[in-house]
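Chains as they are written, first to last, in the working numbering: chain A, 886 to 1197; chain B, -2 to 43; chain C, 37 to 257.
In this text, a Cβ means the ideal position worked out from N, Cα and C, and glycines have one as well.
Okay, so here's the structure we're looking at.
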Amino acid sequence: SSDAIFYYDETAQTKFQQEKPWTNDPHYFKRVKISALALLKMVVHARSGGTIEVMGLMQGKTDGDAIIVMDAFALPVEGTETRVNAQADAYEYMVDYSQTNKQAGRLENVVGWYHSHPGYGCWLSGIDVSTQMLNQQFQEPFLAVVIDPTRTVSAGKVEIGAFRTYPEGYKPPDEPVSEYQTIPLNKIEDFGVHCKQYYSLDITYFKSSLDSHLLDLLWNKYWVNTLSSSPLLGNGDYVAGQISDLAEKLEQAENQLSHSRFGPLIAPAQRKKEEESQLAKITCDSAKITVEQVHGLMSQVIKDILFNTVRQ
Amino acid sequence: ENSLLRQVSSLLRRLPAIESEKFQDDFLMEYNDTLLVSYLAMFTNC
Amino acid sequence: MDIEQRQAEHIEYFVKQASAVRGSALTTVIVDATSHPSLFAFSEILAVPNILELEGTENSMYLYLLRLFAQGTWTQYKNFTGNLPQLVPDQVLKLKQLTVLTLAETTKVLPYDLLMQELDVSNVRELEDFLINECMYVGIVRGKLDQLRRCFEVQFAAGRDLRPGQLASMIETLSDWLMTSDNLLVSIQEKIKWADTMSQLDKKHHKDIEEKVDEVKKTLS
């Protein structure tokens, strides 16, 4: 029964495509189910890009208010945040790939795109929002997924977010408070300007019985590598960047505090709340950096005790 | 069982995994860096 | 573990061979076993009763040879050449490979000078060729050759047959490791408990502060 999700009902999918229930409700799709295979491929591809953004497409189907991602494939483009439409370089590849897939017997269509934000969190930038809006205009149903491979390594869990944009001019109702994430100072404006133009979907994962077996075998093969690695050593540059960013934010907060004494007396209570909230965010960020460092050190200390204190 | 004994012998030969002054220096430096980050975080919290 | 799996079949073969013959026919089996390119363990063959019967006979030197291959080194062979049969080139190679394993038992960093001395090798190039082709490619050792510091850093070495008295030391090391692991687990559990307690105290403290603030606000208003 766990493998039933892999069955592709072409008739149902075609009917869904014709009915287009998402046109009446911008918030129609609420959930995303990603297969273990697709997740692995996306994360490995994102990590292989290092500090350069990479992107790819996802294939799957829909099931009511859920988009199911069965597989993913990389696109031969890089630096998605530096150009208005990085996808344009890969149109030919996308078409060829989709056609070849159909010939090979894979019936699922492209249901979204994914790209990476190395080190700066899972959210949609201005360019990403316009790309996704365009996709949602012409290729519905379409999903945007963002992966942060650097934070994945430092946090020890996959940093991933799935988003859909609202149509142009649509004013969303009050959003529920989403989980706080650190945004670097040089990206904070881009984040803030566009954060109301999209919403995030809940992500769950699934795997087939064969996937479970293969993943167990992979773990047997790679557990030594996994335990031997250390985020302290591998992510040194990222941590240094985080601390530097934190220092800049503190300086900015300090400057604002000192200016507020001499500024006009317009709603001082509100300004104080904003400053406090900014300091609270900074404290959250510093706590997060520290916790990750302490976790990394804990694993090093445990490995040292287990393997270096035993004498023959 | 001789085969098992040889495997255990080979495994025990690998301990301690790393034993050198340079490793100790690097390890303690990492330790100090993490403690410093924790210290700074406590300041920020305060 | 790979090396053990690979040589298990050969050990079984030679044990059967040794069990099937007696007397001087065993000398051929011993020479074949000590020349075999994939066999590095001889305890099982030594344990065969027919082999032990060679003690005190005219073929006893082959028994001593087998013991040397089980636990000895190339230097020890050179010191007792008179009491042991002449070795064929394959046996010489095997004994030198086993010597590397013995040296790796004592220290992880093997200086080139020590290796050249123990293996009767005249230059570094020959030594490195030997280590790479005859030891690493065969799978009995894994390591790094450091030409600058003139040493071989051993990361893994296959186990040789146990010498008398080695078992006690191994048991002690394993017990020590077990105790260290148990103590570590206990420490981790204590730390988890401490973290939970501190978290609860912190939450309580926050709540008390908030209540005090509310109280003061009410008093002021």
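In the DSSP assignment, A/TYR982 falls within the unbroken alpha helix (DSSP H) covering 976 to 989. In the structure shown, C/ASN86 adopts helical secondary structure according to DSSP, grouped into three states. Per DSSP, reduced to three states, the secondary structure at B/CYS43 is coil, with no helix or strand assignment.
For A/GLY1011 against A/HIS1079, the beta-carbon gap comes to about 5 Å, under 8 Å, which counts as contact. Contact note: B/LEU12 reaches chain A through PHE1192, VAL1195 and GLN1197, using a C-beta cutoff of 7 Å and chain order. Residue-level contact by beta carbon holds for B/GLN4 and chain C, with a gap shorter than 8 Å. Ranked by Cα distance from B/PHE24, the first of A/GLN1163, A/GLY1181 and A/SER1093 is A/GLY1181. Counting only Cβ-Cβ distances below 7 Å, A/ILE1187 has contacts in chain C at LEU220, in chain order.
Pairing B/SER0 with C/ALA69 gives a Cβ-Cβ distance that is not under 8 Å. For secondary structure counted as the beta strand (DSSP E) over 3 or more consecutive residues, the region 142 to 172 of chain C holds these complete runs in sequence order: 145 to 147. Close to C/GLY195, with beta-carbon spacing below 7 Å, are these residues of chain B in chain order: ARG3, GLN4, SER6 and SER7. A Cβ-Cβ separation of about 20 Å leaves A/ASP974 out of contact with A/PRO1003 under the 8 Å criterion. For the pair C/VAL190 and C/LYS144, the CB atoms are nearer than the 8 Å cut-off. Burial check for A/ALA1125: the Cβ neighbour count within 10 Å stays below 16, so the residue is exposed. In the three-state scheme derived from DSSP, where H, G and I count as helix and E and B as strand, A/TRP1008 is classed as coil. Interface flag for C/THR209 against chain A is set, since a Cβ pair is found closer than 8 Å. The region 895 to 903 of chain A and the region 925 to 942 of chain A do not touch, with fewer than 3 CB-CB distances between them shorter than 8 Å. Per DSSP, A/HIS1000 is one residue of the beta strand (DSSP E) stretching across 994 to 1001. The Cβ atoms of A/ASP1075 and A/LEU922 do not sit closer than 8 Å to each other.
CA-CA distance, A/TRP907 to A/TYR1051, rounds to 11 Å. Looking at A/TRP1104, A/GLN1066 and A/ASP1087, the one whose alpha-carbon comes closest to that of A/GLY1077 is A/GLN1066.
Checking the DSSP bridge columns, you'll see A/LYS946 partnered with A/ILE953. Judged by DSSP secondary structure, A/GLY1119 falls within the alpha helix (DSSP H) whose first and last residues are 1116 to 1119. Separation of C/ARG196 and A/VAL954 (C-alpha to C-alpha, rounded to the nearest whole angstrom) is 52 Å. Short of 7 Å from the beta carbon of A/LYS926, and not among the five residues preceding or following it, lie these beta carbons of its own chain, in chain order: ALA957. Of the residues A/LEU1117, A/THR1089, A/HIS912 and A/LEU1191, the one whose Cα lies closest to the Cα of B/MET26 is A/LEU1117. Counting every other CB atom within 10 Å of its CB across the protein chains shown gives A/LEU1086 a total of 16 or more, marking it as buried. In this structure, DSSP gives A/TYR1090 an extended state, which the three-state scheme calls strand. Using a Cβ-Cβ cut-off of 9 Å, B/ASN(-1) is close to ILE47, ALA77, SER79, GLU80, ALA83, ASP197 and LEU198 of chain C, given in chain order.
For A/THR1050, there is no enclosing alpha helix (DSSP H); the enclosing beta strand (DSSP E) has its first and last residue at 1044 to 1050. Against C/THR216, the close residues of chain A are ILE1190, LEU1191, THR1194 and VAL1195, in the order they occur along the chain (beta-carbon pairs closer than 8 Å). Interface criterion not met: the Cβ of C/PHE188 is under 8 Å from no Cβ in chain B. Proximity of C/PHE192 to chain B, defined by a Cβ-Cβ separation below 8 Å, is satisfied. For the region 1165 to 1189 of chain A, the residues whose beta carbon sits under 7 Å from a beta carbon of chain B are, in order, ILE1167, THR1168, SER1171, ALA1172, ILE1174, THR1175, GLN1178, VAL1179, LEU1182, GLN1185 and ASP1189. A straight line joining the alpha-carbon of A/GLU1064 with that of A/ASN1140 spans about 27 Å. The beta-carbon of C/SER205 is placed less than 8 Å from the nearest beta-carbon of chain A.
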